[in-house]
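Here's the structure, in structure tokens; my notes come after.
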Amino acid sequence: MKRHDQVSWTSIISGLSRMGQGKEAIWMFKEMLDSNSKPNCLTYVSVISACKGVEETFDQGTMLHAHVLKLGFNNNSFVVSSLINCYAKCGRPYQAVLLFDEATVRDTILFNSMIAAYSLNLYGEEALKLFIRMRNEDASPSDHTLTNVLNACGSLTLLHQGRQVHSLVTKLCSEKSVFLTSALIDMYSKCGSIGDARFLFDETLEKNDVVWTSMILGYAQSGKGADALELFERFEILDGNKLDHICFTAVLTACNHAGFVDKGIEYFNKMRDYGLVPQLDQFACLIDLYARNGHLRKAKELMEEMPYEPNYVMWSSFLHSCNSYGEVELGREAAYQLFKMEPWNAASYIMLANIYAKAGLWNEVTEVRKLMQQKGVRKSAGWSWVEVDKELHVFSVGDATHPESQKIYEGLEKLNFEMKEAGYIQKQLYEPEGIIYCQL
DNA sequence: TTAGGGTTAG
1 MKRHDQVSWT SIISGLSRMG QGKEAIWMFK EMLDSNSKPN CLTYVSVISA
51 CKGVEETFDQ GTMLHAHVLK LGFNNNSFVV SSLINCYAKC GRPYQAVLLF
101 DEATVRDTIL FNSMIAAYSL NLYGEEALKL FIRMRNEDAS PSDHTLTNVL
151 NACGSLTLLH QGRQVHSLVT KLCSEKSVFL TSALIDMYSK CGSIGDARFL
201 FDETLEKNDV VWTSMILGYA QSGKGADALE LFERFEILDG NKLDHICFTA
251 VLTACNHAGF VDKGIEYFNK MRDYGLVPQL DQFACLIDLY ARNGHLRKAK
301 ELMEEMPYEP NYVMWSSFLH SCNSYGEVEL GREAAYQLFK MEPWNAASYI
351 MLANIYAKAG LWNEVTEVRK LMQQKGVRKS AGWSWVEVDK ELHVFSVGDA
401 THPESQKIYE GLEKLNFEMK EAGYIQKQLY EPEGIIYCQL
């Protein structure tokens with residue numbers, strides 16, 4: 001095209017965003033700002049939707065939010081829900097709450113966005129409370145709503161509430177979508193009701209790959225490795241199946257939990273037959289499989305050979321296996337890797353001390369304890385809380401008898417200041433009811 | 001002619 005107008009710019013930005021080409025969409029938006037065409041609400045919705053997940057897109061999202069405020073687009077519910085979604089996916093649920101609370105008109109999609117924002121950031125209780133409020137406010141739930149609510153029930157293992165939502169699904173949705181089916185299977189599996197999950201699975205005639213994977217994973221996480229493998233093999237021979245990385249993660253998890261070492265290796269190698277290149281998660285499964293079954297050297301070799309840097313969880317599960325098999329040398333190496341990654345995290349110090357203690361290496365145990373003292377690492381002694389009002393003034397401290405409570409109180413003055421400066425509360429510290437949890 | 005929300009993973 002020789003000339004681009006507002007609509008053609010918006011169309012290409014929207015197209016790129018929908019295709020998951022977020023970076024390109026943002027880049028195109030910047031080009032547009034330099035052109036003669038000015039973005040409108042539709043353009044902002046498209047470009048904001050392109051900001052997902054990664055840290056740099058949080059900055060992009062904040063910048064776009066500033067544009068929106070300046071241009072007065074913040075009363076458009078499409079724009080608001082795209083911003084809520086963006087903040088939720090960047091792990092900033094509090095920012096999403098602020099937007100939701102400010103909105104004057106709350107339609108179904110806005111509620112859905114906020115419920116999803118809570119659920120995604122593991123605020124299951126808040127997600128359920130908002131769902132109840134939504135019902136009281138006569139905003140009618142859609143199957144998007146119910147999917148998110150089921151997710152929250154699963155993550156809180158609330159079987160009773162999950163069943164109630166299932167009843168609502170039956171009542172409100174004449175035709176169950178694959179989204180709802182997989183969310184229900186997932187909810188029942190996570191609540192330990194694997195029989196209900198299987199019943200639903202068998203009852204569903206139109207199954208897609210996610211439905212299959214959810215069921216396989218349900219078995220894997222319930223420790224029913226053989227059932228998981230059986231189902232996977234049925235899925236494998238099915239015409240038109242779409243075996244992907246997640247499905248392989250599910251089957252590898254099953255092997256892992258059931259101790260099927262040879263099967264696990266076989267499935268890992270099979271990925272290539274389907275044109276899939278193993279990603280970090282599949283390597284993690286295989287490494288854990290080796291380590292859990294005592295093949296610690298093999299696991300270590302694989303960690304060094306694989307084309308990814310081992311992450312915290314990999315080293316951590318490896319350290320656990322070193323503890324199980326009394327492997328001091330490898331355990332020490334894993335622990336020191338973990339100290340580098342999260343020096344404040346007591347778990348790895350304690351684990352290394354345990355490994356030393358089991359081996360009777362008491363001098364080394366003392367050294368670890370000293371190291372902890374030097375770095376000011378404390379073993380967590382549970383949780384306390386501090387209640388705050390809207391202005392973040394403290395009005396009660398949870399366990400006032402605990403010697404650490406006073407420190408929390410003092411720390412809060414500083415924290416309040418920093419939070420206000422930053423304009424939001426950190427995820428770990430924020431509870432929408434006005435209670436801040438602190439680790440003692 | 002351009003716009004928002006949902007399922008599965010170590």
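The first sequence lines up with residues 1 to 440 when you count with full-length UniProt numbering.
Cβ atoms here follow ideal geometry from the backbone N, Cα and C, with glycine treated the same way.
These numbers come from a predicted model, not from an experiment.
Fill in: Limits of the unbroken alpha helix (DSSP H) element including residue 5
Neither: residue 5 is in no alpha helix (DSSP H) and is coded neither H nor E.
Worksheet entry | Length-filtered (4 minimum) alpha helix (DSSP H) runs lying within the stretch 180-234 | 194-203 and 209-221
Fill in: Environment of residue 343 [buried if 16+ CB atoms lie within 10 Å]
exposed
Worksheet item: Should residue 282 and residue 252 be called a contact, given that it needs their Cβ atoms to be closer than 8 Å?
Response: yes
Fill in: Inter-residue Cα distance where the pair is residue 22 and residue 305
32 Å
Discussion item. Between 359, 323, 240 and 267, which has its C-alpha nearest residue 293's C-alpha?
Written reply: 323
Practice prompt. May I ask you to report which of helix, strand or coil DSSP gives residue 21?
Written response: coil
Item to complete: Report the option in 107, 166, 67 and 120 whose CA atom is closest to the CA atom of residue 87.
Response: 120
Discussion item. Does residue 106 come out as helix, strand or coil in the three-state DSSP assignment?
Written reply: coil
Worksheet entry | Between the CA atoms of residue 256 and residue 289 - distance to the nearest angstrom | 5 Å
Worksheet item: What residues in its chain sit with their C-beta under 7 Å from that of residue 447, if we drop five residues either side in the sequence?
Response: Here the chain has residues from 1 to 440 only, and residue 447 is not among them.
Worksheet item: Does DSSP classify residue 27 as helix, strand or coil?
Response: helix
Fill in: Residue span of the alpha helix (DSSP H) that contains residue 291, given as start and end
280-292
Fill in: Cβ pair residue 179, residue 209 closer than 8 Å
no
Fill in: Backbone CA spacing between residue 52 and residue 279 [nearest angstrom]
20 Å
Worksheet item: Just checking my contact of residue 69 with residue 84 at CB under 8 Å: how many whole Å lie between their CB atoms?
Response: No, residue 69 and residue 84 are not in contact; Cβ-Cβ is about 15 Å, not under 8 Å.
Fill in: Euclidean distance between Cα positions of residue 217 and residue 241
16 Å
Worksheet entry | Chain-order list of residues whose beta-carbon lies under 6 Å from that of residue 145 (same chain, five-residue window excluded) | 112
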